[in-house]
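If you read the protein sequences in the order shown, they are chains A and B.
Per the numbering used here, the very first residue in the first sequence carries number 2; after that it's consecutive.
Per the numbering used here, the very first residue in the second sequence carries number 2; after that it's consecutive.
Following: one structure in structure tokens, then a few remarks.
2 protein chains.
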Amino acid sequence: MSLAGLRSDRRREIQVRVVNNKGKKFRVPDATILRLPLYLDKLILLQQAGVKEVSSRQLATSLDIKASQLRHDFHYFGGFSKPGRPYLVDKLVPALEEIIGVDIPVPMIIVGAGHLGQGLANYRNFERLGFPLRGIFDVDPKLVGLEIRGVPIRPLSEMPGFVREHGIKIGVLTVPVNVAQDVANQMVAAGVVGVWNFTPTDIRTPPQVIVRNERLAVGLMCLSFKTKRIGQNDELTQD
Amino acid sequence: MSLAGLRSDRRREIQVRVVNNKGKKFRVPDATILRLPLYLDKLILLQQAGVKEVSSRQLATSLDIKASQLRHDFHYFGGFSKPGRPYLVDKLVPALEEIIGVDIPVPMIIVGAGHLGQGLANYRNFERLGFPLRGIFDVDPKLVGLEIRGVPIRPLSEMPGFVREHGIKIGVLTVPVNVAQDVANQMVAAGVVGVWNFTPTDIRTPPQVIVRNERLAVGLMCLSFKTKRIGQNDELTQD
DNA sequence: TTGGTCCTGTCAAAGACCTAACAAGGACGG
DNA sequence: CCGTCCTTGTTAGGTCTTTGACAGGACCAA
């Protein structure tokens, strides 16, 4: 185990369908969606290193997956090369960026400037990946006015107007559990289309709004589950 | 979509096998392992609310999953009730805690006291879930000596000795990418059995050491992929 | 040109996972 | 006692994902 993978759950699932460049229609499995960012990430590294071509086998082995799976994933979008020729890095990168949706910056805000919120606000990478942080909000007057990387913390009451005015697409939810649903409702009403939920609770939204739960405690407990069984040799095998 | 689910990836997979209370042997699917913490979480809430009994249907619907799936999950461990009687909350909670491995506290350290590391260090919940934070480490002399919730930041050089001395089981990796593998090696050599990796890179470890990657950017991109398609009646035409 | 090698797109088989269905057990009321 | 209504454990079947296999294109060297 190792991955990367977060799986979107099946509970109230949004199914994504695409039509590939040959007119065929597919439902894109969540498992594939999860791998797209990994492909992009590795490809950008290759691009920066000046690599021009890469084969499915090279790319797949560097990500510890099977080449056939990678080709299968690409197949949903019609493929990016022709039989016989490896993929061109400089073509693949923008194609994947467009598919994932980071070709155009997706502005986001963080609501809840507690420790986790501040930690995320400081995470420089998001900007680079196409998710510029436009605002941080909190109810606590002691936090309001502080700046994180040039972005000021504003009072929560200003959030809905800010979202509307700046066309914010994604809201990061790092508030206390008990107000999570309420704050999410406000964000959604103001026009946010994606909620990145770090609170350990389920957020209800209308079906047009995507929620992604990042349940840190779950990850930690999975680790615990497996490490616990490491010592007890009869219960754990590696393939 | 909403999930909860982070999925461990299949790439270098550790398979967990258990023997249930009837002597039957199963491989526990990762998907099940991911749900166990959700069950436990909800059950603790019920317990605190004074609820004594809960049926698979009640518990499942509150988590937006199918009751049959919940029973199936429990089945790997032999079941926790008898046909005809609902689950007893006060029995189920400790049973799940034991299965997940949080019945005995699992001491952990955070290596890398940057913003993300500090944010995690401030996250109070881990303590409550059975993962006490025993130490924080960093190379930066400006950070060394600071305290976060009573836990001092120590120089990285002291980390291996500390791990050995305090029997640290889990190491949280929040260092810069370029030193991630090196620091992980040190942790592993010192005796850590689980690595919670927040760096956007793969960590190689011996098979007895479990790595869990928490790739935040992947979650964000999945959100982007889906939100992008919400406006376009679920279809993407690629040229 | 021909043969060899590497490549992709495609599909079918295999595998992992989820779900519906059901037998059987308990509690309760009549 | 029986019938009803709830429950769980268990399994078989269906669905989703991954993997293996292969046809055929592209390049290269002889």
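For each residue, glycine too, the CB sits at the ideal point set by N, CA and C.
For clarity, every value in this text was computed on a predicted model and none was experimentally measured.
Reduced DSSP category for residue i - H, G, I as helix; E, B as strand; rest coil
| i | result |
| --- | --- |
| B/Y77 | coil |
| B/G162 | helix |
| B/I105 | coil |
| B/N123 | coil |
| B/V19 | strand |
| A/R205 | coil |
| B/R129 | helix |
| A/S3 | Low local confidence applies: a pLDDT of 27 at A/S3 is under 50, so the model's placement there is unreliable, and no value is given. |
| A/G220 | helix |
| B/P156 | strand |
| B/I149 | strand |
| B/L35 | helix |
| A/R135 | strand |
| B/E54 | strand |
| A/L174 | strand |
| A/E236 | At A/E236 the pLDDT is 49, less than 50, meaning the model places this residue with poor confidence and gives no usable figure here. |
| A/F27 | strand |
| B/V212 | strand |
| A/V112 | strand |
| B/V196 | strand |
| A/S9 | The predicted model places A/S9 with a pLDDT of 39, which falls under 50 and marks its position as unreliable, so this point remains unresolved. |
| B/L89 | strand |
| B/V140 | coil |
| A/K83 | coil |
| A/N64 | Before going further, note that residue 64 of chain A is Leu rather than Asn in the sequence given. A/L64: coil per DSSP, three-state reduction. |
| B/I169 | coil |
| A/R230 | helix |
| B/S225 | helix |
Proximal chain B residues relative to residue i, where beta-carbon distance stays under 8 angstroms
| i | result |
| --- | --- |
| A/T62 | The contacting residues do not exist; A/T62 stays about 10 angstroms from chain B at best. |
| A/K201 | Per the sequence presented here, residue 201 of chain A reads as Pro, with Lys not at that position. Near A/P201 (Cβ distances below 8 angstroms), the residues of chain B are D42, N126. |
| A/S225 | I101, G102, V103, V107, G131, F132, I171, G195 |
| A/Q209 | I231 |
| A/V241 | Here chain A has residues from 2 to 240 only, and residue 241 of chain A is not among them. |
| A/P153 | Residues of chain B passing the Cβ test: none, with the nearest at roughly 17 angstroms. |
Short Cβ contact (7 angstroms threshold) for residue i with residue j
| i | j | result |
| --- | --- | --- |
| A/L46 | A/A61 | no |
| B/V180 | B/L157 | no |
| B/C223 | A/I105 | no |
| A/Y77 | A/V29 | yes |
| A/R165 | A/A190 | no |
| B/M188 | B/G168 | no |
| A/V212 | A/V194 | no |
| B/E215 | A/G220 | yes |
| A/Q130 | A/V90 | Checking the sequence shown, residue 130 of chain A turns out to be Leu, not Gln. In this structure, A/V90 does not lie closer than 7 angstroms to A/L130 by Cβ. |
| B/P108 | B/R135 | yes |
| B/P95 | B/V55 | no |
| B/A114 | B/L144 | yes |
| A/R117 | B/G120 | Checking the sequence shown, residue 117 of chain A turns out to be Leu, not Arg. Yes, the pair counts as a contact, with Cβ atoms nearer than the cut-off. |
| A/Q209 | B/I231 | yes |
| B/A50 | B/R58 | no |
| B/L147 | B/L97 | no |
| B/I15 | A/K227 | yes |
| A/R125 | A/D74 | no |
Cβ separation of residue i and residue j, assumed to be a contact under 8 angstroms, to the nearest whole Å
| i | j | result |
| --- | --- | --- |
| B/I101 | B/P38 | 6 angstroms |
| A/F81 | A/L93 | 5 angstroms |
| B/I110 | B/F138 | 7 angstroms |
| A/V112 | A/L174 | 6 angstroms |
| B/R150 | B/N123 | 6 angstroms |
Amino acids of chain A, ordered along the chain, whose beta-carbon sits closer than 7 angstroms to that of residue i
| i | result |
| --- | --- |
| B/P95 | Here the premise fails: no neighbours, minimum Cβ distance about 15 angstroms. |
| B/V194 | T228, I231 |
| B/K143 | Under the 7 angstroms cutoff, chain A gives no residues; its nearest Cβ is about 16 angstroms from B/K143. |
Within chain B, partners of residue i - CB distance below 9 angstroms
| i | result |
| --- | --- |
| A/K25 | Chain B residues near A/K25: none, gap ~11 angstroms exceeds 9 angstroms. |
| A/L47 | Result: empty, since nearest Cβ-Cβ is about 14 angstroms, beyond 9 angstroms. |
8 angstroms Cβ cut-off: residues of chain A touching residue i
| i | result |
| --- | --- |
| B/H76 | None at all; the shortest Cβ gap to chain A is about 17 angstroms. |
| B/M160 | Those do not exist, as B/M160 stays about 18 angstroms from chain A at its closest Cβ, beyond 8 angstroms. |
| B/P177 | Neighbours of B/P177 on chain A: none; closest Cβ ~11 angstroms, over 8 angstroms. |
Interface residues of chain B facing residue i [CB-CB closer than 7 angstroms]
| i | result |
| --- | --- |
| A/P133 | Ordered by position in chain B, no residue passes the 7 angstroms Cβ test against A/P133, which lies about 12 angstroms from the chain. |
| A/E148 | Here the premise fails: no neighbours, minimum Cβ distance about 14 angstroms. |
Cross-chain neighbours of residue i in chain A, by beta carbon under 9 angstroms
| i | result |
| --- | --- |
| B/Q119 | H116, Q119, G120, N123 |
| B/I34 | M222, C223, F226, K227 |
Is the segment 200 to 217 of chain B close to the segment 171 to 186 of chain B, with three or more CB pairs under 8 angstroms? yes
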